[in-house]
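Colleague: Here's a structure for you.
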Amino acid sequence: MAPPEGRDLAAEIEELGARVDEAKEYLGIEPMRALRDELEREAAAPDLWDDAERARSVTTRLGRVADDLARFDALSAAVDDARVLAELVAEAERSGAPDEGLAKELVTTVDGLATRVGQLELESLFSGEYDDRDAVCEVHAGAGGTDAQDWTEMLLRMYQRWAERRGFGVELDEATPGQEAGLLSATFIVRGRHAYGLLATERGVHRLVRMSPFDSQHRRQTSFASLDVVPFLDDVSEVEIDEKDLRVDTYRSSGAGGQHVNKTDSAVRLTHLPTGIVVAVQNERSQHQNKAKALQILAAKLAERARAQRQAELDSLGGERTEMAWGNQIRSYVLAPYQLVKDLRTGVETGNVEAVLDGDLDVFMEAELRRLRGA
0 MAPPEGRDLA AEIEELGARV DEAKEYLGIE PMRALRDELE REAAAPDLWD DAERARSVTT
60 RLGRVADDLA RFDALSAAVD DARVLAELVA EAERSGAPDE GLAKELVTTV DGLATRVGQL
120 ELESLFSGEY DDRDAVCEVH AGAGGTDAQD WTEMLLRMYQ RWAERRGFGV ELDEATPGQE
180 AGLLSATFIV RGRHAYGLLA TERGVHRLVR MSPFDSQHRR QTSFASLDVV PFLDDVSEVE
240 IDEKDLRVDT YRSSGAGGQH VNKTDSAVRL THLPTGIVVA VQNERSQHQN KAKALQILAA
300 KLAERARAQR QAELDSLGGE RTEMAWGNQI RSYVLAPYQL VKDLRTGVET GNVEAVLDGD
360 LDVFMEAELR RLRGA
């Protein structure tokens, strides 16, 4: 039985094997093995937990390095298994008794390998200092009135669905309802390996074109909403925040979240007076918990602000560069008069708008990662 559509599956396997061998070099797999051994020795030290912060750092790094090595070794072994399977299929064909079941299994195996190798290669694009961190995200309504507020809620759902697809956790910390529908803004945290590295590619303005459900004449409407992303800091002490620089306001939570919602002033709004940064959290069960979470988000925003200032100084020395900021849309989502989602930075597009709005964003993220890294 010949491979479907004239595919040379054996050659595809060898190409995938070569890509895995290349990845072994640029991902530094052998140095990673040495690092794992070193971290295992540190983790086994009897005095490790005398310094709790260092202990957490060692065990977290060890877990991630061990996971990366296990994933690479499993993929390398899968390539060898595919070679064996390809030989069995070829032997059956040479004997004059082709095995259709084995041939179908080989196609499925090679396609699965290609996906896994692509994911492995994607790892090399996460070179930023905070790329492997959780992400603090904010969506904000822009121009477009009620349609923009509805679009903001659609964006929130899109990123929640994307996170669910990847097995990431999502915490919705604050949501401000729109005047008639949708949301004015929302703050949420996405927890998962490389959450920040992936979601940072989505930072910017998103443009929606559709027949407005809020227009009595059902005219076409263009509306805008933005996504902002900063890495989440587990330890607030990484950024110094002087309590004298904070204005703390409490108010009643406006959404579901527990027996205290709408009964006590448990929601917290922090205003950092020197910078004007405002953070509100309302979904924890107590005022103390809301303040603690707000401090973590504020610390992340202040750290990102400091990084942006440093980068601006470097950019001023290296010449003018285009900044991806509010007012510069990164992607258009057209629902009428035709169906199209197009990324204006990479040119990646699809007519399956429904899938994108349901969280199918990986192709856009990967393309932007490759563009940013020059890959």
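Numbering that gives the first Met the number 0 applies: residue 0 is where the sequence shown begins, and numbers increase by one.
In this text, a Cβ means the ideal position worked out from N, Cα and C, and glycines have one as well.
#1: Leaving out the 5 sequence neighbours to the left and right, which residues in its chain are closer than 7 Å to Gln-338 when beta-carbon positions are compared?
#2: Would you say the region 354-370 touches the region 153-167, given that touching needs at least three Cβ pairs under 8 Å?
#3: Shortest alpha-carbon distance to Arg-132 belongs to which of Ala-299, Lys-290, Asp-149?
#4: Nearest to Tyr-195 by alpha carbon, out of Leu-112, Leu-371, Val-135, Glu-39?
#5: Check whether the region 196-215 touches the region 142-149, counting contact only when three or more Cβ pairs, one atom from each stretch, lie closer than 8 Å.
#6: Any idea what DSSP makes of Ala-51, helix, strand or coil?
#7: Taking Cβ to Cβ, would you say Thr-345 is nearer than 8 Å to Gln-286?
#8: Keeping to the same chain, check which residues put their C-beta closer than 7 Å to that of Leu-34; ignore five residues upstream and five downstream.
#9: Quick one: give me the first and last residue of the beta strand (DSSP E) that Ile-329 is part of.
#10: So, are the CB atoms of Ile-188 and Phe-231 less than 8 Å apart?
#11: Give me the Cα-Cα distance between Val-83 and Trp-48, rounded to the nearest whole angstrom.
#12: Leaving out the 5 sequence neighbours to the left and right, which residues in its chain are closer than 8 Å to Ile-12 when beta-carbon positions are compared?
#13: DSSP three-state label for Thr-58, please.
#14: In the DSSP assignment, the beta strand (DSSP E) including Gly-203 goes from what residue to what residue?
#15: What does the alpha-carbon distance come out to for the pair Lys-292 and Thr-221?
#16: Which residues in the same chain as Gln-281 place their Cβ atom closer than 6 Å to its Cβ, once the five residues preceding and following it in sequence are excluded?
#17: Can you find the residues in the same chain that come closer than 7 Å, C-beta to C-beta, to Gln-258, ignoring five residues on each side of it along the sequence?
#18: Could you tell me the alpha carbon to alpha carbon distance between Arg-53 and Glu-41, rounded to whole angstroms?
#19: Give the single residue among Phe-71, Gly-127, Glu-104, Val-204 whose Cα lies nearest to the Cα of Asn-327.
#20: Give a yes or no on whether the minimum CB-CB distance between Gly-127 and chain D is below 8 Å.
#21: Apart from the five residues on each side of it in sequence, which residues of its chain come closer than 6 Å, Cβ to Cβ, to Glu-137?
#22: Have a look at Val-247 and Asp-264 and give me their C-alpha separation to the nearest angstrom.
#23: What does DSSP give as the partner residue(s) for Tyr-250 in the beta ladder?
#24: Compare the Cα-Cα distances from Glu-21 to each of Glu-201, Glu-179, Leu-119 and report the closest residue.
#25: Assuming Ala-142 and Ser-184 make a contact with CB atoms under 8 Å, what is their CB distance in whole Å?
#26: Between Arg-206 and Tyr-332, which are expected to be in contact by the criterion C-beta below 8 Å, what is the C-beta distance as a whole number of angstroms?
#27: Using alpha carbons as the reference points, say which of Ala-73, Ala-9, Phe-71 lies closest to Glu-90.
#28: Opposite Val-280 in the DSSP bridges: which residues?
#29: Nearest to Lys-23 by alpha carbon, out of Arg-192, Leu-294, Leu-74?
#30: Skipping 5 residues on each side, what residues in its chain have a beta carbon closer than 7 Å to that of Glu-122?
#31: Buried or exposed: where does Ser-94 fall if 16 or more other Cβ atoms within 10 Å of its Cβ makes it buried?
Modeller: Result, derived from the coordinates:
#1: In the sequence shown, counting from the first residue as 1, residue 338 sits at position 339. Cβ neighbours of Gln-338 beyond the five flanking positions: Gly-350, Val-352.
#2: yes
#3: As a working mapping, residue 132 is identified with position 133 in the sequence shown. The shortest C-alpha separation from Arg-132 is found at Ala-299.
#4: Working through the sequence shown from its first residue, we reach residue 195 at position 196. For the residues Leu-112, Leu-371, Val-135, Glu-39, the minimum Cα distance to Tyr-195 belongs to Val-135.
#5: yes
#6: In the sequence shown, residue 51 corresponds to position 52, counting from 1. Ala-51 falls in the helix class under three-state DSSP.
#7: In the sequence shown, the residue the question calls residue 345 occupies position 346. In the sequence shown, the residue the question calls residue 286 occupies position 287. In this structure, Gln-286 does not lie closer than 8 Å to Thr-345 by Cβ.
#8: As a first step, residue 34 is located in the sequence shown; it is residue number 35 there, counting from the start. Counting only Cβ-Cβ distances below 7 Å, and skipping sequence neighbours, we find Val-64.
#9: Translated into the one-based positions of the sequence shown, residue 329 becomes position 330. That run of the beta strand (DSSP E) goes 328-333.
#10: Within the sequence shown, numbered from 1, the residue matching residue 188 stands at position 189. Within the sequence shown, numbered from 1, the residue matching residue 231 stands at position 232. Contact: yes.
#11: Working through the sequence shown from its first residue, we reach residue 83 at position 84. Working through the sequence shown from its first residue, we reach residue 48 at position 49. So the alpha carbons of these two residues sit roughly 47 Å apart.
#12: Along the sequence shown, one-based indexing puts residue 12 at 13. The residues are Val-78, Ala-81, Arg-82, Ala-85, Val-109, Leu-112.
#13: Position 59 of the sequence shown, counting from 1, holds the residue named residue 58. Of the three classes helix, strand and coil, the one that applies to Thr-58 here is helix, per DSSP.
#14: Here residue 203 refers to the residue found at position 204 when the sequence shown is read from its first residue. Unbroken beta strand (DSSP E) run through Gly-203: 203-210.
#15: Your numbering for residue 292 matches position 293 in the sequence shown. Your numbering for residue 221 matches position 222 in the sequence shown. Cα to Cα, the separation comes out at about 35 Å.
#16: Along the sequence shown, read from residue 1 onward, the residue named residue 281 stands at position 282. Around Gln-281: Glu-173, Ser-252, Ala-266.
#17: Numbered from 1 along the sequence shown, position 259 holds the residue referred to as residue 258. Because the pLDDT of Gln-258 is 39, which lies under 50, any placement of that residue in the model is unreliable, and the number read from its coordinates should be weighed accordingly. Hits under 7 Å: none found.
#18: Within the sequence shown, the letter at position 54 stands for residue 53. Within the sequence shown, the letter at position 42 stands for residue 41. In a straight line, the C-alpha of Arg-53 is about 10 Å away from that of Glu-41.
#19: Translated into the one-based positions of the sequence shown, residue 327 becomes position 328. Ranking Phe-71, Gly-127, Glu-104, Val-204 by Cα distance to Asn-327 puts Val-204 first.
#20: Judged by its chain identifiers, the structure shown contains no chain D, having just a single protein chain.
#21: As a first step, residue 137 must be located in the sequence shown, where it is residue number 138. If we look at Glu-137 and ignore the five residues flanking it on each side, its Cβ neighbours are Thr-186, Asp-227.
#22: Indexing the sequence shown from 1 puts residue 247 at position 248. Indexing the sequence shown from 1 puts residue 264 at position 265. Going by the C-alpha atoms only, they are around 12 Å apart.
#23: On the sequence shown, residue 250 is found 251 positions in, with the first residue counted as 1. Beta-bridge pairing links Tyr-250 to Ala-266.
#24: The residue labelled residue 21 in the question sits at position 22 within the sequence shown. Looking at the Cα atoms, Leu-119 is the closest of the given residues.
#25: If you number the sequence shown from 1, residue 142 lands on position 143. If you number the sequence shown from 1, residue 184 lands on position 185. Their Cβ separation, rounded to whole angstroms, is 15 Å, which puts Ala-142 and Ser-184 out of contact at 8 Å.
#26: Start at 1 with the first residue of the sequence shown, and residue 206 comes out as number 207. Start at 1 with the first residue of the sequence shown, and residue 332 comes out as number 333. Indeed, because the Cβ distance is near 7 Å, the residues count as touching under 8 Å.
#27: One-based indexing of the sequence shown puts residue 90 at position 91. Cα-wise, what sits closest to Glu-90 is Ala-9.
#28: As a working mapping, residue 280 is identified with position 281 in the sequence shown. For Val-280, which the question treats as bridged, DSSP gives the partners Val-267.
#29: Your numbering for residue 23 matches position 24 in the sequence shown. It is Leu-74 whose Cα lies nearest to the Cα of Lys-23.
#30: Locating residue 122 in the sequence shown gives position 123, where the first residue counts as 1. Contacts found: Leu-26.
#31: Reading the sequence shown from its first residue, position 95 is the one you call residue 94. Answer is exposed; the Cβ neighbour count stays below 16.
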